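Data first, discussion second: the structure below is written as structure tokens.
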Amino acid sequence: MALLMSMMVTLTGMWIKEKKYIWAIVGTIAAVAVAITVAVPAVLLSFEAGYSIVQVTDIHLDLFNRTCTKCANSSTCLLQGQWSDFGLYGCDATIALVNASLAAAANENPRYVIFTGDSAAHHALDFETVETEMMKIGELSRHFIVDRDIPFFAMLGNDDFFDDYNATCYSDSYKVMAAAFPHSLSCTKCERDITPDELANNQDTVIKGGYYTVKPTESLRIIVMNTVLYTPDASTSLDNDPCGQQSWLESVLQQAKQNNERVVLAGHIPPGQTVWEYAHRQQLQNILHNAQLWQVPRTNAFTEALAPYWSDTIAVAMFGHTHRDAFRLLSSPGSSSSDGAVMVSPSVSPIYFNNPGIRKYYFGGANHVAFEVSMLYTTLNNLRTSFEGLVGSAYTEAMEDMKFELEYNFKDAYSAPASASFPTTIFQSVAEAIERDDRLFWTWLAYHSALYDATKIEYLCMLTKPLQDGFDSCTGGL
Numbered sequence: 095m096a097l098l099m100s101m102m103v104t105l106t107g108m109w110i111k112e113k114k115y116i117w118a119i120v121g122t123i124a125a126v127a128v129a130i131t132v133a134v135p136a137v138l139l140s141f142e143a144g145y146s147i148v149q150v151t152d153i154h155l156d157l158f159n160r161t162c163t164k165c166a167n168s169s170t171c172l173l174q175g176q177w178s179d180f181g182l183y184g185c186d187a188t189i190a191l192v193n194a195s196l197a198a199a200a201n202e203n204p205r206y207v208i209f210t211g212d213s214a215a216h217h218a219l220d221f222e223t224v225e226t227e228m229m230k231i232g233e234l235s236r237h238f239i240v241d242r243d244i245p246f247f248a249m250l251g252n253d254d255f256f257d258d259y260n261a262t263c264y265s266d267s268y269k270v271m272a273a274a275f276p277h278s279l280s281c282t283k284c285e286r287d288i289t290p291d292e293l294a295n296n297q298d299t300v301i302k303g304g305y306y307t308v309k310p311t312e313s314l315r316i317i318v319m320n321t322v323l324y325t326p327d328a329s330t331s332l333d334n335d336p337c338g339q340q341s342w343l344e345s346v347l348q349q350a351k352q353n354n355e356r357v358v359l360a361g362h363i364p365p366g367q368t369v370w371e372y373a374h375r376q377q378l379q380n381i382l383h384n385a386q387l388w389q390v391p392r393t394n395a396f397t398e399a400l401a402p403y404w405s406d407t408i409a410v411a412m413f414g415h416t417h418r419d420a421f422r423l424l425s426s427p428g429s430s431s432s433d434g435a436v437m438v439s440p441s442v443s444p445i446y447f448n449n450p451g452i453r454k455y456y457f458g459g460a461n462h463v464a465f466e467v468s469m470l471y472t473t474l475n476n477l478r479t480s481f482e483g484l485v486g487s488a489y490t491e492a493m494e495d496m497k498f499e500l501e502y503n504f505k506d507a508y509s510a511p512a513s514a515s516f517p518t519t520i521f522q523s524v525a526e527a528i529e530r531d532d533r534l535f536w537t538w539l540a541y542h543s544a545l546y547d548a549t550k551i552e553y554l555c556m557l558t559k560p561l562q563d564g565f566d567s568c569t570g571g572l
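No gaps in the numbering here: position 458 of the sequence shown is 552 in our numbering, and each next residue is one more.
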């Protein structure tokens with residue numbers, strides 16, 4: 095029951111006053127999750143009138159292989175399969191994995207792609223490394239997304255600062271952001287040309303605090319936040335209004351409502367409580383611990399500011415950072431019911447033992463109302479086998495045509511009413527259903543890491559090589 099309540103924190107945004115560590119056997123979780131998860135027909139939605147937005151998050155491009163040297167000779171890495179261009183679980187993304195993910199995003203034919211931060215890999219040793227990896231993501235986003243006539247909107251994550259989480263006003267990281275993603279600030283390839291004043295305002299707010307807004311059409315607005323400013327590790331997090339972002343957000347939302355615009359809100363680190371999960375294969379255990387992602391005053395100000403806009407202005411709110419699939423119900427301070435909810439998407443990087451994934455949001459035509467959300471994913475083994483033996487133009491063509499598999503459609507997966515709306519009523523009803531139904535909870539848990547099973551090797555070896563010598567060889571002696 096303690097495990098259930100801890101994991102439900104991610105869904106409900108409940109506050110936990112004491113940090114605690116909970117140990118659970120990963121094999122039990124994985125086995126039950128896989129056994130209970132219902133098969134969802136792998137059919138992507140099609141619609142005549144409408145469009146989609148694809149979210150990509152936590153790319154963590156590791157150009158210098160610094161995240162894999164720590165485990166290059168350990169069973170944790172060796173058991174994930176043969177090294178290839180697409181890397182290993184337990185390591186950040188190789189450039190081939192980034193290419194495949196961006197190509198897959200473009201091949202969903204979205205109207206827009208939104209990248210919710212963390213271009214750079216973990217554990218950068220200097221600012222120049224962060225800058226190099228951010229600039230490379232900017233280059234790749236132009237090639238795979240913008241050059242296909244799809245607008246691309248980027249933001250910063252905590253690893254895009256040096257040191258990690260070191261977000262301040264007028265940080266050098268904001269200059270790199272402006273240089274790496276000028277196509278984001280200028281709304282390149284948008285249906286509507288932004289005005290010179292709008293571009294100048296974007297450049298000013300990005301240089302000041304890493305946030306900006308664009309109107310790709312007259313009736314749709316995208317708001318990009320820098321939520322790293324609100325984390326306990328940021329030096330600005332106790333300021334009354336870090337870098338003026340909160341007052342700016344309130345002003346932009348008010349203007350959007352007055353102009354009958356729908357808003358897509360995006361940031362890197364989501365508000366509220368989370369449960370971090372680390373799989374330690376040698377002990378076959380998961381370590382779970384609770385963490386408060388924003389300073390409480392920042393969360394309260396944010397939820398209170400958004401409360402009047404959920405029903406008729408905010409279409410969706412999307413975040414990343416946790417490398418896991420979840421949503422968070424948000425309530426105004428003192429309220430007993432939720433006002434709305436944010437979605438948290440799994441990462442491209444497999445460093446925390448998840449499959450690479452991207453999220454697709456479906457919108458109904460000119461009203462910009464989100465009516466469904468899908469998750470798409472791939473596995474490193476699928477990528478290895480898909481590109482095995484390919485060289486030259488054959489490899490390039492396969493990369494340009496890359497597609498991820500459908501993992502689930504949200505309403506199908508959670509038996510949500512077809513009439514339920516995003517981002518308000520649907521998440522409340524699904525959270526209540528998950529609390530009532532253990533099978534539905536295990537379904538959610540399987541999706542939590544994009545169907546990655548930390549103990550799949552051990553279970554397959556048990557089935558196929560049950561005798562001791564064969565089992566030891568199969569698992570590498572784990």
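Glycine is no exception: its CB is placed at the ideal position from the N, C-alpha and C atoms. Bear in mind that the values here come from a model prediction, so they are computed numbers and not experimental data.
- Between the Cα of Lys-505 and the Cα atoms of Ala-328, Met-496, Asp-495, Ile-520, which residue gives the shortest distance? Between Lys-505 and the set Ala-328, Met-496, Asp-495, Ile-520, the nearest pair of CA atoms involves Ile-520.
- In its own chain, which residues sit with a C-beta less than 8 Å from the C-beta of Asn-167, not counting the 5 before and 5 after it? Note on Asn-167: pLDDT 46, under 50, position unreliable in the model; no value is reported.
- Message: Measuring CB atoms only, is the stretch 507–527 touching the stretch 212–222, in the sense that at least three cross pairs come out at less than 8 Å?
- Response: No, the stretch 507–527 does not touch the stretch 212–222.
- Pick from Cys-185, Tyr-541, Asn-503: whose alpha carbon is nearest that of Asp-152? Among Cys-185, Tyr-541, Asn-503, the Cα nearest to that of Asp-152 is on Cys-185.
- Assuming Phe-498 contacts Val-410 under a Cβ cut-off of 8 Å, what Cβ separation, rounded to an integer in Å, is found between them? Wrong, their Cβ atoms sit about 20 Å apart, outside the cutoff.
- Item | Residue from Asp-254, Val-308, Glu-285 with nearest C-alpha to Asn-295 | Sorting Asp-254, Val-308, Glu-285 by C-alpha distance to the C-alpha of Asn-295 places Val-308 at the top.
- Cβ pair count under 8 Å reaching 3, the stretch 278–297 against the stretch 321–339: At 8 Å Cβ cutoff, the stretches do not touch.
- Going by beta carbon distance, what residues of the same chain come within less than 7 Å of Gln-339, once the five residues before and after it are set aside? Here the set comprises Gly-303, Tyr-305, Met-319, Asn-320, Leu-323.
- For Gly-459, which of Ser-468, Leu-314, Ile-363 has the nearest alpha-carbon? It is Leu-314.
- Message: Quick test of your reading: Ile-452 and Ala-248, contact by CB under 8 Å. State the CB separation rounded to the nearest angstrom.
- Response: The pair is not a contact, with the Cβ atoms about 15 Å apart (cut-off 8 Å).
- In this structure, does DSSP put Leu-557 in helix, strand or coil? If DSSP states are grouped into helix, strand and coil, Leu-557 belongs with the helices.
- Which same chain residues, not among the five before or five after Ala-544, have their C-beta less than 8 Å away from its C-beta? So the qualifying residues of the chain are Asp-419, Pro-440, Asn-448, Asn-449, Pro-450, Gly-451, Met-469, Tyr-471, Glu-501.
- Could you check the C-alpha separation between Gly-144 and Gly-181 for me, to the nearest Å? Roughly 36 Å between the two C-alpha positions.
- In three-state terms, what does DSSP make of Glu-499? DSSP places Glu-499 in strand when its eight states are reduced to three.
- Would you say Leu-400 and Pro-364 are within 8 Å of each other, going by their C-beta atoms? Between Leu-400 and Pro-364, the gap from beta carbon to beta carbon reaches 8 Å or more.
- Query: Just how far apart, CA to CA, sit Phe-465 and Tyr-455?
  - Reply: Inter-residue distance for Phe-465 and Tyr-455 is about 8 Å (C-alpha atoms, whole angstroms).
- Task: Can you have a look at Phe-158 and say buried or exposed, based on whether 16 or more other CB atoms are within 10 angstroms of its CB?
- Result: When all chains shown are included, Phe-158 counts as exposed.
- Message: Per the DSSP calculation, Gly-434 is bridged to which residue(s)?
- Response: Note: Gly-434 sits in a beta bridge opposite Leu-424.
- Could you tell me whether the Cβ atoms of Leu-534 and Ala-527 are closer together than 8 Å? In contact: Leu-534 and Ala-527 (Cβ atoms closer than 8 Å).
- Message: So, for Ser-265: in the same chain, excluding its five sequence neighbours on each side, which residues have a beta-carbon less than 8 Å away from its beta-carbon?
- Response: Within the same chain, Phe-255, Gly-304 come within 8 Å of Ser-265 by CB-CB distance, once the 5 residues on both sides are set aside.
- Item | Per DSSP, cross-strand counterpart(s) of Met-229 | In DSSP, Met-229 forms no bridge with anything.
- Can you name, in chain order, every residue of its own chain whose Cβ lies under 8 Å from the Cβ of Ser-426, other than the five neighbours on each side? Closer than 8 Å at Cβ, skipping near neighbours: Thr-397, Glu-398, Ala-401, Asp-433.
- Arg-533 (DSSP reduced to helix, strand or coil): Arg-533: helix per DSSP, three-state reduction.
- Message: Which complete beta strand (DSSP E) runs does the stretch 262–338 hold, if anything under 3 residues is left out?
- Response: With a minimum length of 3 residues, the continuous beta strand (DSSP E) runs that stay inside the stretch 262–338 are 306–311, 314–318.
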